[in-house]
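These notes concern the structure reproduced below.
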DNA sequence: TCCCTACATGTGACCATGTTTATATAGAAG
DNA sequence: CTTCTATATAAACATGGTCACATGTAGGGA
């Protein structure tokens, strides 16, 4: 499975997005992550494995704890793909706008 | 299902990403989209429905054809979520980097 | 009208994913 | 060495997505 597939698939799950959102404020252990999510610890471990395989998080080893952190570069492929699509989209949209020349102003970011 | 879930789930499929990539160069009909993907037309129709529900594409009506176009605003929620996460991540990473400069270097598994 | 094209929908099979319970590993403490 | 804690893994199950085949619908042309 291409890395892009794994990354988008990882983000497609609300639990995993919540985990990432939580991790974005600082690293956390599996127990800390499992607590608020009303979910068993193995389920969270599985989600973390998915996120790790997708390159979105990294895991340290601190005694018996495995603190999780966001991987900064993990979002790069996602962002690159979205940027490329947006660029093509904008070009296509501009072209259409030129053809229509009556409505549909180009949107700014 | 929140719109963010639908959008990421839609992008998590390589076929749908390919459809979006193709549409980013200009609108296309279902038949035009189905041809290169070595897939049945109903399957493509289903993917288009998923993309439409996710707000990533819009569909016109041109006689017997249903040309598909990318929806410019469809990527906005995705981009917003990613940007927010990236902002927090960057802040967290900077803080961690500052902390790590004095203790426990990160190690991989 | 009849037919052909473009597309949608329903069904059923197959496979991937998400979850839980139970168990295994690994480190720390006694 | 035993035990407790933190986490990973395995097995079992349900759910949901994806696909092909068959059929249904709608518009255009003869």
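Chains as they are written, first to last, in our numbering: chain C, 1 to 109; chain Y, 1001 to 1109.
Glycine residues also receive a C-beta, built at the ideal position from the N, C-alpha and C atoms.
Since the model is a prediction, treat every value here as computed from it, not as a measurement.
- Contact check, residue 1019 of chain Y vs residue 1046 of chain Y, beta carbons under 8 Å: Here residue 1019 of chain Y corresponds to residue number 19 of the second chain, with the count starting at 1. Here residue 1046 of chain Y corresponds to residue number 46 of the second chain, with the count starting at 1. With respect to residue 1046 of chain Y, residue 1019 of chain Y sits apart: the two C-beta atoms are not nearer than 8 Å.
- Message: Tell me which residue opens and which closes the alpha helix (DSSP H) that residue 1016 of chain Y is part of.
- Response: As a position in the second chain, residue 1016 of chain Y is number 16, starting the count at 1. Element bounds for residue 1016 of chain Y: 1014-1023.
- Taking the CB atoms as reference points, tell me whether residue 1078 of chain Y and residue 82 of chain C lie closer together than 8 Å. Within the second chain, the letter at position 78 stands for residue 1078 of chain Y. Within the first chain, the letter at position 82 stands for residue 82 of chain C. Cβ atoms of residue 1078 of chain Y and residue 82 of chain C: closer than 8 Å.
- Please classify residue 1071 of chain Y: does DSSP put it in a helix, a strand, or coil? As a first step, residue 1071 of chain Y must be located in the second chain, where it is residue number 71. Three-state result, residue 1071 of chain Y: coil.
- Task: From the DSSP output, in three-state form, read off residue 62 of chain C for me.
- Result: Locating residue 62 of chain C in the first chain gives position 62, counting from the first residue. For residue 62 of chain C, the three-state secondary structure derived from DSSP is strand.
- What separation, rounded to the nearest whole angstrom, lies between the Cα atoms of residue 1017 of chain Y and residue 84 of chain C? Here residue 1017 of chain Y corresponds to residue number 17 of the second chain, with the count starting at 1. Here residue 84 of chain C corresponds to residue number 84 of the first chain, with the count starting at 1. Approximately 12 Å between the Cα atoms of the pair.
- Message: Between residue 1008 of chain Y and chain C, is the shortest Cβ-Cβ distance under 8 Å, so that the two count as touching?
- Response: Along the second chain, read from residue 1 onward, the residue named residue 1008 of chain Y stands at position 8. Between residue 1008 of chain Y and chain C, the shortest Cβ-Cβ separation is below 8 Å.
- Item | 8 Å Cβ shell around residue 41 of chain C - same chain, five flanking residues per side excluded | Numbered from 1 along the first chain, position 41 holds the residue referred to as residue 41 of chain C. Apart from sequence neighbours up to five positions away, the residues of its chain that approach residue 41 of chain C with a beta-carbon distance below 8 Å are 30, 31, 34, ordered along the chain.
- Task: Have a look at the DSSP bridge pairing and note the partners of residue 10 of chain C.
- Result: In the first chain, the residue the question calls residue 10 of chain C occupies position 10. None, per the DSSP bridge assignment.
- Task: Could you tell me which chain Y residues have their CB closer than 9 Å to the CB of residue 5 of chain C, listed as they occur along the chain?
- Result: Counting from one through the first chain, the residue named residue 5 of chain C turns up at place 5. Residue 5 of chain C reaches chain Y at 1012, 1013, 1014, 1017, counting residues in chain order whose Cβ is nearer than 9 Å.
- Query: Looking at C-alpha atoms only, which residue of C:72, C:89, C:65, C:24 is the closest neighbour of residue 1076 of chain Y?
  - Reply: Locating residue 1076 of chain Y in the second chain gives position 76, where the first residue counts as 1. It is C:89.
- Query: Considering only residues of the same chain and omitting the five flanking positions on each side of residue 74 of chain C, which have a CB-CB separation below 8 Å?
  - Reply: Translated into positions along the first chain, residue 74 of chain C becomes position 74. If you ignore the 5 residues before and after residue 74 of chain C, its C-beta comes within less than 8 Å of the C-beta of 7, 54, 55, 56, 57, all in its own chain and listed in chain order.
- In or out: residue 10 of chain C buried (at least 16 other Cβ within 10 Å) or exposed? For the purposes of this step, residue 10 of chain C is taken as the residue at position 10 of the first chain. Of the other Cβ atoms in all chains shown, 16 or more fall within 10 Å of the Cβ of residue 10 of chain C; this residue is therefore buried.
- Per-residue contacts from residue 24 of chain C into chain Y (C-beta, under 7 Å): Working through the first chain from its first residue, we reach residue 24 of chain C at position 24. Residues of chain Y passing the Cβ test: 1085, 1088, 1089, 1092.
- Task: Assuming residue 1068 of chain Y contacts residue 1059 of chain Y (C-beta within less than 8 Å), just tell me the rounded distance between them.
- Result: One-based indexing of the second chain puts residue 1068 of chain Y at position 68. One-based indexing of the second chain puts residue 1059 of chain Y at position 59. About 5 Å separates the beta carbons of residue 1068 of chain Y and residue 1059 of chain Y, which is inside the 8 Å limit, making them a contact pair.
- Query: Shorter than 8 Å from the beta carbon of residue 80 of chain C to some beta carbon of chain Y?
  - Reply: In the first chain, the residue the question calls residue 80 of chain C occupies position 80. Among the residues facing chain Y, residue 80 of chain C is not included, as its CB has no counterpart in that chain under 8 Å away.
- Do you know whose CA, among C:22, C:86, C:65, lies nearest residue 37 of chain C's CA? Translated into positions along the first chain, residue 37 of chain C becomes position 37. The shortest C-alpha separation from residue 37 of chain C is found at C:22.
- Query: Between the region 1041-1057 of chain Y and chain C, which residues of the former have CB atoms less than 7 Å from a CB of the latter, in chain order?
  - Reply: Taking 7 Å as the Cβ-Cβ cut-off, the region 1041-1057 of chain Y has no residue approaching chain C.
- Message: Contact criterion: CB-CB distance below 8 Å. Does residue 65 of chain C meet it with respect to chain Y?
- Response: Within the first chain, the letter at position 65 stands for residue 65 of chain C. Taking Cβ atoms only, chain Y never reaches closer than 8 Å to residue 65 of chain C, which makes this a no.
- Using a Cβ-Cβ cut-off of 8 Å, state whether residue 1020 of chain Y counts as contacting chain C. For the purposes of this step, residue 1020 of chain Y is identified with residue 20 of the second chain, where counting begins at 1. Yes, contact with chain C.
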